[in-house]
Amino acid sequence: GNSVTQMEGPVTLSEEAFLTINCTYTATGYPSLFWYVQYPGEGLQLLLKATKADDKGSNKGFEATYRKETTSFHLEKGSVQVSDSAVYFCARATGNQFYFGTGTSLTVIP
Amino acid sequence: DGGITQSPKYLFRKEGQNVTLSCEQNLNHDAMYWYRQDPGQGLRLIYYSQIVNDFQKGDIAEGYSVSREKKESFPLTVTSAQKNPTAFYLCASSARDSYNSPLHFGNGTRLTVT
Chain Z
1 GNSVTQMEGP
11 VTLSEEAFLT
21 INCTYTATGY
31 PSLFWYVQYP
41 GEGLQLLLKA
51 TKADDKGSNK
61 GFEATYRKET
71 TSFHLEKGSV
81 QVSDSAVYFC
91 ARATGNQFYF
101 GTGTSLTVIP
Chain S
111 DGGITQSPKY
121 LFRKEGQNVT
131 LSCEQNLNHD
141 AMYWYRQDPG
151 QGLRLIYYSQ
161 IVNDFQKGDI
171 AEGYSVSREK
181 KESFPLTVTS
191 AQKNPTAFYL
201 CASSARDSYN
211 SPLHFGNGTR
221 LTVT
């Protein structure tokens, strides 16, 4: 089937800590992979994407690498800030069919 | 600035009433989507439309209806048949002619039915 599994939260980190949020996918074909971020009371914003194996998406210090051999797309950031507190969603798409993980809530404390 | 506008941001209705949520985009995107978000459940697809005058049911279409008379607009009606309508509703769009083009989201409408 087509699904996305991401690490359950909530995750609480101190400022400047290293962040990893795990995401794995199951799919046939060659999906594109995305990370979205949702701040309280808002819609989802695209954070980064990767369209083929070994691609690395990056934005605002966040990175994720499309690993076909492990069907993973883990989100990382070397030093989180309080402003990174949000809910993060992993997603996969084939054509116009999108599938989302359940979201991981991140709280960064000063 | 191009984007997706959902209105209103907050909506309150009495049980048994139909209510329509507005979604307008000026991104010239062909595909539009409606998702429902509940705490701890991620996003669930209600309806999507790949082109004007055509739309398909998503995973949880029961109790909802949509129309796509114009490219820019994709309103969602929550009918009285929807058993648990209180939720956060998100509209999104994407460029159909671009393979795996990302979704662009509006800021959502929070519907409360009492």
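Going down the list, the protein sequences come from chains Z and S.
Using my numbering, the first residue of the first sequence is number 1, and each one after it goes up by one.
Using my numbering, the first residue of the second sequence is number 111, and each one after it goes up by one.
Glycine included, C-beta positions come from ideal geometry on N, C-alpha and C.
| said: If you reduce the DSSP assignment to three classes, tell me which class Val82/Z lands in. | reply: helix
| task | Report, in whole angstroms, the separation of the C-beta atoms of Leu221/S and Val188/S, which I expect to be a contact under 8 Å. | result | 7 Å
| query | With respect to the beta strand (DSSP E) encompassing Phe73/Z, which residues constitute its N-terminal and C-terminal limits? | reply | No beta strand (DSSP E) holds Phe73/Z; DSSP gives it neither H nor E.
| Using CA coordinates, which residue listed in Ile161/S, Ser183/S, Ile156/S is at the minimum distance from Pro195/S? | Ile156/S
| Residues of chain Z with a CB under 9 Å from the CB of Gln228/S: which are they? | Nothing about residue 228/S can be read from this structure; chain S reaches only from 111 to 224.
| query | Whole-angstrom Cβ separation of Lys124/S and Thr224/S, contact assumed at under 8 Å? | reply | 6 Å
| Should Ala197/S be labelled buried (16 or more other beta-carbon atoms within 10 Å of its own) or exposed? | buried
| query | Are the C-beta atoms of Leu106/Z and some chain S residue less than 7 Å apart? | reply | no
| How is the beta strand (DSSP E) around Ala50/Z delimited, first residue to last? | 44-50
| said: Please state whether the Cβ-Cβ distance between Leu44/Z and Trp35/Z is less than 7 Å. | reply: no
| field | Short Cβ contact (7 Å threshold) for Thr107/Z with Thr12/Z | value | yes
| request: Report yes or no: is there a C-beta of chain Z within less than 7 Å of the C-beta of Gln165/S? | output: In the sequence on display, residue 165/S carries Phe and not Gln. No, no contact with chain Z.
| field | Assigned exposure category for Ile109/Z - 16 Cβ within 10 Å defines buried | value | exposed
| query | Leu213/S touches chain Z at which residues, Cβ-Cβ below 7 Å? | reply | Phe98
| said: Cutting at 7 Å between CB atoms, please list the residues of its own chain near Gln192/S, excluding the five before and the five after it. | reply: Gly173, Tyr174
| message | Which of the three DSSP states is assigned to Val162/S in this structure? | response | coil
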